[in-house]
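Written below as structure tokens is the structure these notes are about.
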Amino acid sequence: MVKDDVLFHFVLFIDILLCIAIIACNLALLLSILASKAARARVRNVMLVGICLADLLLGAFTHPVYIHSYRTGTMFQSCEMHVLLQLVGDYSQVWGFVVLGFVVVYSFVLSLFVSSRLALVIKSLCSLPVMIHPSNTV
Numbered sequence: 605m606v607k608d609d610v611l612f613h614f615v616l617f618i619d620i621l622l623c624i625a626i627i628a629c630n631l632a633l634l635l636s637i638l639a640s641k642a643a644r645a646r647v648r649n650v651m652l653v654g655i656c657l658a659d660l661l662l663g664a665f666t667h668p669v670y671i672h673s674y675r676t677g678t679m680f681q682s683c684e685m686h687v688l689l690q691l692v693g694d695y696s697q698v699w700g701f702v703v704l705g706f707v708v709v710y711s712f713v714l715s716l717f718v719s720s721r722l723a724l725v726i727k728s729l730c731s732l733p734v735m736i737h738p739s740n741t742v
């Protein structure tokens, strides 16, 4: 019984430390990116802002409720609130990665259009004369 009590308090301590670390690290990263104009302009940092916001949502709202439920052994919220917290926790992680994938694809496509070779190809294709086949004339 003593080992179970020690393990319970150790897990609770680690959960609280992780919750504080999630909030502190993501706030520091978010503030450092948003404070610099050069950092805000980079696509990579925009992806980080999205992931930081998703992690802050987890660290500030869902994990404290789970820690309280673990500590007391009961749920102080209704079943609907529990389902809502579970959905927010799951979908914030998933949508963080969806936004990350979208920004990676968008930055790749944008880099293709900005590259000089593609710009030359598009310019040369647009300047070609249009050939009209005689059978298509009225």
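Under the numbering used here, the first residue of the sequence shown carries the number 605, and numbering increases by one thereafter.
The beta carbon of each residue, even a glycine, is placed where N, CA and C say it ideally should be.
Contacting residues, own chain, Cβ-Cβ under 6 Å from residue i (five flanking each side not counted)
i	result
residue 619	671
Counted within 10 angstroms of its Cβ, other Cβ atoms place residue i as buried (16 or more) or exposed
i	result
residue 685	exposed
residue 663	buried
residue 656	buried
residue 645	exposed
residue 613	exposed
Reference residue i; option with closest CA among the options
i	options	result
residue 624	637, 667 and 675	667
residue 697	640, 658, 665 and 648	658
residue 693	665, 629, 622 and 621	665
8 Å Cβ shell around residue i - same chain, five flanking residues per side excluded
i	result
residue 653	634, 637 and 638
residue 736	With a pLDDT of only 45 at residue 736, under 50, the local geometry of the prediction cannot be trusted, and the value read off the model is given with reservation. Answer for residue 736: no residue qualifies.
residue 699	658
residue 642	none
CB contact flag (residue i, residue j, <7 Å)
i	j	result
residue 675	residue 611	no
residue 689	residue 669	yes
Expected contact under 8 Å - CB spacing of residue i and residue j to nearest Å
i	j	result
residue 660	residue 627	7 Å
Own chain partners of residue i with C-beta closer than 7 Å, once the 5 adjacent residues on each side are dropped
i	result
residue 608	none
residue 741	Unreliable placement is indicated for residue 741, whose pLDDT of 48 sits below 50; no coordinate value is reported for it.
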